[in-house]
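Visitor:
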Amino acid sequence: QPESWKHLVQGDVLFSILGTTLKTVRTRKSKYRVGYTNQYEFARAAAENGVSTYILVSSVGANSKSLFFYSRMKGKLEEEVARLNFRKLFILRPSILDGPRSERRLGEKFRLFNSRLLYSLNLKKFRPTPVNVLTSKMIRLSVGHTEGFRLVEGDEIFSV
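Numbering (the working numbering), first residue to last: 440 to 599.
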């Protein structure tokens with residue numbers, strides 16, 4: 440329950456990159472709780488506690504009106520977080536994340552292959568995003584920009 444932990448959400452900059460797989464949590468309801476509810480409650484607590492900079496990692500294709508569950512969930516989260524009172528808000532929309540995993544994910548390997556294929560066809564926003572590139576971008580954004588909202592799409596994550 441947020442009441443038991445929200446007072447602990449403090450700082451100047453907070454990063455939100457929480458996620459899970461349907462395979463791990465088994466139901467859409469549980470995936471929604473991790474992917475939307477928990478992240479929104481964290482963001483709301485941060486805003487209420489005066490955190491000035493919030494960086495949310497969302498997903499390529501996020502859209503609250505999407506026909507696809509995951510894209511719709513991410514789009515709704517983006518919209519709700521954007522309504523909160525942060526001096527600086529950055530929402531990053533990487534394609535599939537590329538990096539070491541503690542578990543074997545065959546579906547993710549397939550999506551990673553497809554993402555590389557789409558990128559080779561010049562669909563730049565689908566370029567797989569190495570985790571170290573994403574985290575470097577998050578750190579650079581947190582220290583170097585003026586106030587306001589900024590949406591960072593796919594391939595822009597790779598720019599310095």
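Even glycine gets a Cβ: it sits at the ideal position worked out from N, Cα and C. It should be emphasised that the depicted structure is a prediction, and the values quoted were computed from it without experimental measurement.
(1) Tell me whether D451 is buried or exposed, calling it buried when 16 or more other Cβ atoms sit within 10 Å of its Cβ.
(2) Please specify which runs of the alpha helix (DSSP H), each continuous and at least 4 residues long, are wholly inside the stretch 444-512, giving them in chain order.
(3) Suppose you measure from the CA of T585 to the CA of A486; what does that come to, to the nearest Å?
(4) Please name the residue or residues paired with P441 in a DSSP beta bridge.
(5) First and last residue of the beta strand (DSSP E) that includes I535?
(6) For G583, is the classification buried or exposed, using 16 other Cβ atoms within 10 angstroms of its Cβ as the cut-off for buried?
(7) What first and last residue would you give for the beta strand (DSSP E) that runs through R526?
(8) Could you pull the DSSP bridge partners for F588 from this structure?
(9) Nearest CA to the CA of I535: which residue from K445, T492, V499 and V473?
(10) To which residues of the same chain is F588 closer than 7 Å at the C-beta, ignoring the five residues directly before and after it?
(11) Identify the continuous alpha helix (DSSP H) that holds I578 and give its terminal residues.
Guide: This is what the structure holds:
(1) Within the sequence shown, numbered from 1, the residue matching residue 451 stands at position 12. Around the beta carbon of D451, a 10 Å sphere encloses fewer than 16 other beta carbons of the protein chains shown; the residue is thus reported as exposed.
(2) Qualifying alpha helix (DSSP H) stretches, in chain order: 461-464, 467-471 and 478-487.
(3) If you number the sequence shown from 1, residue 585 lands on position 146. If you number the sequence shown from 1, residue 486 lands on position 47. The alpha-carbon separation between T585 and A486 amounts to approximately 18 Å.
(4) Translated into positions along the sequence shown, residue 441 becomes position 2. Answer is none; P441 lacks a bridge partner.
(5) Residue numbering aside, residue 535 sits at position 96 when the sequence shown is read from its first letter. DSSP places I535 in no beta strand (DSSP E); its state is neither H nor E.
(6) The residue given as residue 583 occupies position 144 in the sequence shown. Classification of G583: exposed, given that the 10 Å Cβ count is below 16.
(7) The residue given as residue 526 occupies position 87 in the sequence shown. Counting along the chain, R526 falls outside any beta strand (DSSP E), and DSSP gives it neither H nor E.
(8) Start at 1 with the first residue of the sequence shown, and residue 588 comes out as number 149. F588 pairs with L528.
(9) Looking up residue 535 in the sequence shown gives position 96. Residue V499 is the option with its Cα nearest to I535.
(10) Here residue 588 refers to the residue found at position 149 when the sequence shown is read from its first residue. Take F588, set aside five residues on each side of it, and the residues of its chain with a beta-carbon closer than 7 Å to its own are A521 and L528, in chain order.
(11) To locate residue 578, count along the sequence shown from 1; it is residue 139. Element bounds for I578: V570 to G583.
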